[in-house]
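Note sheet for the following structure.
Number of protein chains: 2
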Amino acid sequence: MLSTLTKWVLLMSPELERLKELSLAENLGRLHRLWRTAADAELIPLGLTHPRWTALWKLLRLGDNVSQKVLADALEIELPSLMRTLNQLEDQGYVQRRCCEKDKRARIVSLTPDGIEMLKQMESKIMLVRRNLLAGISQQQLNDFENIMSQISENALATLDKSSA
Amino acid sequence: MLSTLTKWVLLMSPELERLKELSLAENLGRLHRLWRTAADAELIPLGLTHPRWTALWKLLRLGDNVSQKVLADALEIELPSLMRTLNQLEDQGYVQRRCCEKDKRARIVSLTPDGIEMLKQMESKIMLVRRNLLAGISQQQLNDFENIMSQISENALATLDKSSA
DNA sequence: TATAACTAGTTAGCATGCTAAGTAAATAAC
DNA sequence: GTTATTTACTTAGCATGCTAACTAGTTATA
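Protein sequences, first through last, are from chains A and B. Numbering-wise (the numbering used here), the first sequence opens with residue 238 and increments by one. Numbering-wise (the numbering used here), the second sequence opens with residue 238 and increments by one.
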């Protein structure tokens with residue numbers, strides 16, 4: 238059996254160089270995890286887990302007072318995933334939920350004074366992490382980097398559209 | 238309470254432009270998820286979930302016949318996480334585990350003939366996804382992209398070392 | 001050699017993502 | 001206006017990551 242494998246590996250040896258390159262997707266995953274870990278290292282001491290602080294952060298950036306649906310879409314997670322996080326944040330006293338007057342199906346999420354206070358503490362930590370991680374990288378390099386990311390994203394979306402069609 | 242928030246947002250308005258930029262970490266996460274989704278779309282029809290096919294793929298690249306510990310490290314997951322996946326792959330008949338002669342604590346994982354057959358099917362699919370996602374991106378751009386990723390990774394590792402020390 | 005410290009594997013149980021299915025409200029179709 | 005469809009939320013339960021704690025085997029130390 239081992240010899241079968243060996244034979245196959247030898248057979249596809251012209252591909253081997255490209256096989257080595259295939260780590261790009263893995264590197265992407267690793268980098269994302271590293272960034273998240275670095276941010277968590279600063280923010281977990283404040284009593285917030287990753288899903289909680291990202292939800293608070295996003296809520297601020299959305300301008301507060303948005304429906305759970307809007308928040309979930311912005312975080313790119315599903316509503317049931319957000320539910321649990323919002324329950325926790327509500328228990329911690331950082332957010333409130335109330336019924337929407339205009340659409341009685343919806344519930345509006347807003348920051349409490351404690352939540353705003355927590356965000357102030359978070360803000361400097363998050364900026365610090367960003368500065369640390371982007372040290373030594375020029376604005377031009379950053380722009381190029383983001384452009385490549387955009388292009389790969391577009392390719393991925395196009396591929397997914399095509400395969401689902 | 239809303240006015241408190243408004244005041245604070247106004248107060249930190251010099252930061253607002255930088256706040257908008259903060260999406261880089263999120264874009265990284267989104268891109269990783271997209272890549273994974275595109276790959277899964279090709280591979281799940283073969284009966285393999287994401288953790289399973291990545292484990293098989295990594296096992297091949299490690300040259301087969303490695304300990305669970307080595308495989309877990311290479312996949313950058315913990316042993317208990319790998320355990321479950323290997324149990325599934327063993328149930329599916331794609332891998333085997335046997336005791337290591339030299340170190341009786343360890344168990345060696347190897348591909349079965351069925352596993353090798355499955356990998357052959359996987360290989361073309363994975364290449365296809367890569368080609369699709371990197372369409373229109375030059376080798377030079379790709380090199381630059383990977384260099385920036387490396388630099389951010391190094392910065393992150395340095396930051397984490399410093400904070401844990 | 002005998003004991004201490006470490007390492008590989010395992011099991012158990014938590015956290016957070018998901019999909020599926022159900023309810024209530026809003027909107028579209030007739 | 002009534003009915004059908006869609007939408008927002010919720011609950012329930014699965015998948016996969018993790019840490020903690022345990023066992024068995026190895027290595028280092030006295």
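Using N, Cα and C, we set each Cβ at its ideal position, and we do this for glycine too. As the structure is a prediction and not an experimental result, all values here were calculated from the model.
Open item on the list: Please tell me whether I426/A and S304/A are closer than 8 Å, where the distance is taken between their beta carbons.
Closed with: Residue numbering for chain A in the displayed model covers 238 to 402; residue 426/A lies beyond these limits and cannot be assessed.
- [ ] Would you be able to state if there are at least three C-beta pairs under 8 Å between the region 381-399 of chain B and the region 365-373 of chain A?
- [x] The way I'd put it, the region 365-373 of chain A does touch the region 381-399 of chain B; three or more beta-carbon pairs between them come closer than 8 Å.
Open item on the list: Using a Cβ-Cβ distance cut-off of 8 Å, determine whether M386/A contacts chain B.
Closed with: By this cut-off, M386/A is an interface position.
Open item on the list: Tell me which residues of the region 262-283 of chain A have at least one Cβ-Cβ distance to chain B shorter than 9 Å, keeping chain order.
Closed with: Of all residues in the region 262-283 of chain A, only A262, E263, N264, L265, G266, R267, L268, H269, R270, L271, W272, R273, T274, A275, A276, A278 and E279 place a beta-carbon less than 9 Å from a beta-carbon of chain B.
Task: Three or more C-beta pairs below 8 Å linking the region 296-312 of chain A and the region 383-394 of chain A - done: They do not touch, by the three-pair rule.
Task: Cross-chain neighbours of G373/B in chain A, by beta carbon under 7 Å - done: In chain order: Q388.
TODO: Step through the CB atoms of chain A and report whether any lies within less than 8 Å of the CB of L370/B.
DONE: Answer yes: the Cβ-Cβ gap between L370/B and chain A drops below 8 Å somewhere.
Task: Local conformation of I345/A per DSSP, three classes - done: Correct three-state label for I345/A: strand.
- [ ] If I'm right that Q333/B touches T349/B with Cβ under 8 Å, what's the distance once you round it to whole angstroms?
- [x] Approximately 6 Å separates the beta-carbon atoms of Q333/B and T349/B; this is inside 8 Å, confirming the contact.
TODO: Consider the Cβ of A343/B: report whether some Cβ of chain A lies at a distance smaller than 8 Å.
DONE: No, A343/B lies away from the interface with chain A (no Cβ there is under 8 Å from its Cβ).
Open item on the list: Please report the distance separating the alpha-carbon of Y331/A from that of I314/A.
Closed with: Here the alpha carbon of Y331/A sits roughly 20 Å from the alpha carbon of I314/A.
Open item on the list: For a contact defined as C-beta to C-beta under 7 Å, what are the partners of L397/B on chain A?
Closed with: Under the 7 Å cutoff, chain A gives T274, A275 and A278.
Open item on the list: For K339/B and L316/B, what's the separation of their Cα atoms in angstroms?
Closed with: Counting only the Cα atoms, L316/B lies some 20 Å from K339/B.
- [ ] Answer with buried or exposed for N324/B, where buried requires no fewer than 16 other C-beta atoms within 10 angstroms of its C-beta.
- [x] Exposed is the label assigned to N324/B, since fewer than 16 other Cβ atoms lie within 10 Å of its Cβ.
Task: 8 Å contact criterion, which H269/A and D277/A should meet: CB distance rounded - done: Not a contact, Cβ separation roughly 12 Å.
Open item on the list: So L261/A and S390/B are supposed to be a Cβ contact under 8 Å. How far apart are they, rounded?
Closed with: The Cβ separation is near 13 Å, so there is no contact.
TODO: Use the C-beta contact count for R289/A: other C-beta atoms within 10 angstroms, 16 or more gives buried, fewer gives exposed.
DONE: With 16 or more other Cβ atoms from the protein chains shown falling within 10 Å of its own Cβ, R289/A counts as buried.
Open item on the list: Output needed for L283/A: all residues of its chain with C-beta closer than 8 Å, excluding positions within five of it in sequence on either side, in chain order.
Closed with: Excluding residues within five positions, the ones whose Cβ falls inside 8 Å are W290, M355, Q358, M359 and K362.
Task: One or two residues paired with S304/A in a DSSP bridge - done: Looking at the DSSP assignment, S304/A forms a beta bridge with I345/A.
TODO: Express the C-alpha separation of Q329/A and I281/A in angstroms, rounding to a whole number.
DONE: Going by the C-alpha atoms only, they are around 14 Å apart.
Open item on the list: Counting only C-beta atoms, is N380/A closer than 8 Å to chain B at any point?
Closed with: Residue-level contact check: N380/A does not touch chain B, since none of the beta carbons of chain B fall below 8 Å from its beta carbon.
- [ ] Could you spell out the range, first to last residue, of the alpha helix (DSSP H) harbouring Q358/A?
- [x] Its alpha helix (DSSP H) spans residues P350 to L370.
Task: Contact belief for L312/B with A292/B at Cβ below 8 Å, rounded distance in angstroms - done: With a Cβ gap of about 6 Å, L312/B and A292/B count as contacting.
Open item on the list: According to DSSP, simplified to helix, strand and coil, what is L259/A?
Closed with: With a pLDDT of 41 at L259/A, under the threshold of 50, the modelled position of this residue cannot be trusted; read the value that follows with caution. In this structure, L259/A counts as coil in the three-state DSSP scheme.
Task: Beta carbon proximity, L259/A to chain B, threshold 8 Å - done: The predicted model places L259/A with a pLDDT of 41, which falls under 50 and marks its position as unreliable; any figure quoted below should be read in that light. Taking Cβ atoms only, chain B reaches closer than 8 Å to L259/A, which makes this a yes.
Open item on the list: Can you find the residues in the same chain that come closer than 8 Å, C-beta to C-beta, to K403/B, ignoring five residues on each side of it along the sequence?
Closed with: The structure shown does not extend to residue 403/B, since chain B spans only 238 to 402, so no value can be given for it.
Task: Backbone secondary structure at Q378/A - three-state DSSP - done: In the structure shown, Q378/A sits in a helix (DSSP, three-state: H, G or I).
TODO: Could you confirm whether any beta carbon from chain A is found closer than 8 Å to the beta carbon of E313/B?
DONE: E313/B counts as touching chain A.
Open item on the list: According to DSSP, is Q333/B part of a helix, a strand, or is it coil?
Closed with: Taken through DSSP and simplified to helix, strand or coil, Q333/B comes out as strand.
- [ ] Determine the DSSP secondary structure at G266/A, reduced to helix, strand or coil.
- [x] Under the three-state reduction of DSSP output, G266/A falls in the helix class.
Open item on the list: Less than 8 Å between C-beta atoms, sequence neighbours within five positions excluded: which residues of the same chain meet that for E327/B?
Closed with: Cβ-Cβ distances below 8 Å link E327/B to Q333 and R334 in the same chain, with the five nearest sequence neighbours on each side left out; the list follows chain order.
- [ ] Would you please state the rounded distance, in angstroms, between the beta carbons of L265/B and L265/A? I believe it to be under 8 Å.
- [x] Taking 8 Å as the upper bound for CB-CB distance, L265/B and L265/A are in contact here, some 7 Å apart.
Task: Own chain, CB closer than 6 Å to D351/B, minus 5 neighbours either side, in chain order - done: Exclusion of the five residues before and after D351/B leaves G330 and Y331 as the residues of its chain whose Cβ lies within less than 6 Å of its Cβ.
Open item on the list: Taking the alpha-carbon of R367/B as reference, which of R267/B, A275/B and E263/B has the nearest alpha-carbon?
Closed with: Checked all of R267/B, A275/B and E263/B; the closest Cα to R367/B is A275/B.
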